[in-house]
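First the structure, in the form of structure tokens, and then the observations on it.
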Amino acid sequence: MTLLQRTREMIPGNQKKDKAKEKLALTRYRYEALDDSGNQVKGFELSESAGRAHLALLERGLSPTLIEEKRTLLQFEITKKKVPKKEVMNFTRQLAVFIRSGIPIMDALEVIVEEAQNKLMRQILLQMIEDLRAGDTFSVACSSHPEAFPNFYVGILESAELTGNLDDVLEQLAEYIDRDLKARAKISSALTYPMVVSVLAVVVIFILGIFVLPRFVVFFSQLHAKLPATTRALMSFSGFMANYWPFI
Numbered sequence: 110m111t112l113l114q115r116t117r118e119m120i121p122g123n124q125k126k127d128k129a130k131e132k133l134a135l136t137r138y139r140y141e142a143l144d145d146s147g148n149q150v151k152g153f154e155l156s157e158s159a160g161r162a163h164l165a166l167l168e169r170g171l172s173p174t175l176i177e178e179k180r181t182l183l184q185f186e187i188t189k190k191k192v193p194k195k196e197v198m199n200f201t202r203q204l205a206v207f208i209r210s211g212i213p214i215m216d217a218l219e220v221i222v223e224e225a226q227n228k229l230m231r232q233i234l235l236q237m238i239e240d241l242r243a244g245d246t247f248s249v250a251c252s253s254h255p256e257a258f259p260n261f262y263v264g265i266l267e268s269a270e271l272t273g274n275l276d277d278v279l280e281q282l283a284e285y286i287d288r289d290l291k292a293r294a295k296i297s298s299a300l301t302y303p304m305v306v307s308v309l310a311v312v313v314i315f316i317l318g319i320f321v322l323p324r325f326v327v328f329f330s331q332l333h334a335k336l337p338a339t340t341r342a343l344m345s346f347s348g349f350m351a352n353y354w355p356f357i
């Protein structure tokens with residue numbers, strides 16, 4: 110800290126301004142937690158970040174299960190951006206390698222943030238570095254960013270920090286996310302073929318009903334032949350399609 114910065118801190122007016130800024134920086138968070146008896150507790154907590162709110166609840170003997178920012182109507186977001194799971198998987202795997210190599214978390218994050226391609230992920234990592242410098246644990250820093258790290262992720266990290274095997278747990282988390290992404294890709298691939306077939310079937314039915322079957326209606330009407338009930342029903346369906354297809 111320079112002499113000029115120390116002098117500014119000693120000025121009473123500046124101290125008041127700094128305190129005012131701290132008050133303005135507080136955010137209202139809604140939380141759900143469990144007390145020592147296992148009962149659910151709900152309420153609100155004023156804090157600088159979700160991570161700090163998490164620590165404050167732990168100090169009061171509560172185990173948070175949900176912490177989210179209480180937004181006003183002006184702050185409300187219809188769609189909140191989320192970090193792609195693949196980005197979270199790559200980050201988790203990279204961090205596991207760094208920690209296993211003996212590199213401190215802070216140094217590892219500073220390296221990873223320089224290589225981050227996703228803009229939102231980069232912002233989150235920068236904020237996490239600041240939280241770690243402020244004294245937060247890694248799991249608490251992650252808990253401030255539910256758009257990247259879900260509750261189960263943070264909970265597993267908390268357990269890993271207690272047992273001291275963070276690198277192994279991070280690798281397991283990366284493998285879990287990888288398996289989840291592959292499973293989702295398989296489900297999406299399996300659903301694609303039936304959807305394509307269904308769309309093509311609907312298109313064929315429209316073409317037959319609007320362009321092909323009406324010609325048979327004219328042909329059969331000229332023959333004055335008595336048609337089976339199924340054929341008459343099909344002809345009626347064709348007439349309905351030809352007349353009302355714009356409204357279907």
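Numbering-wise, our numbering puts 350 at position 241 of the sequence shown, and it's gapless, one number per residue.
Note that CB positions come from ideal geometry on N, CA and C, so glycine has one too.
Beta-carbon proximity check, residue i vs residue j, cutoff 8 Å
i              : j                 : result
cysteine 251   : phenylalanine 258 : yes
glutamate 154  : tyrosine 140      : yes
isoleucine 208 : isoleucine 214    : yes
Cβ distance (whole Å) where residue i is taken to contact residue j below 8 Å
i              : j              : result
alanine 205    : leucine 279    : 4 Å
glutamate 256  : lysine 191     : 5 Å
methionine 304 : valine 326     : That pair is no contact at about 32 Å.
lysine 194     : leucine 300    : In fact, because the Cβ distance is near 19 Å, the residues do not count as touching under 8 Å.
isoleucine 286 : methionine 198 : 4 Å
Cβ neighbours of residue i in the same chain (closer than 6 Å, five flanking residues each side left out)
i              : result
asparagine 227 : Glu196
threonine 201  : Leu279, Leu282, Ala283
valine 254     : The displayed chain sequence assigns histidine, not valine, to residue 254. Taken in chain order, the residues that qualify are Ile233.
Residues near residue i in its chain [Cβ-Cβ closer than 8 Å; skip 5 each side]
i                 : result
phenylalanine 346 : Gly318, Leu322
valine 263        : Ser248, Cys251, Ser252
leucine 218       : Leu204, Leu234, Met237, Ile238, Leu241
serine 298        : none
Residue i versus the options, residue with shortest Cα-Cα distance
i              : options                        : result
valine 311     : Tyr285, Met350, Tyr138, Asp287 : Met350
glycine 244    : Thr340, Ser146, Leu164, Asp145 : Leu164
isoleucine 176 : Leu235, Arg161, Gly170         : Arg161
valine 150     : Ser307, Arg137, Leu166, Met230 : Leu166
threonine 246  : Glu178, Met230, Ala159         : Ala159
arginine 137   : Glu178, Arg293, Gly152         : Glu178
Neighbour flag for residue i against chain D, beta carbons, 8 Å
i              : result
methionine 215 : Included in the structure is just one protein chain, with no chain D present.
Contact set for residue i: own chain, Cβ-Cβ below 7 Å, skip 5 residues either direction
i           : result
serine 172  : Ala142, Leu143
leucine 275 : Ile208, Ala269
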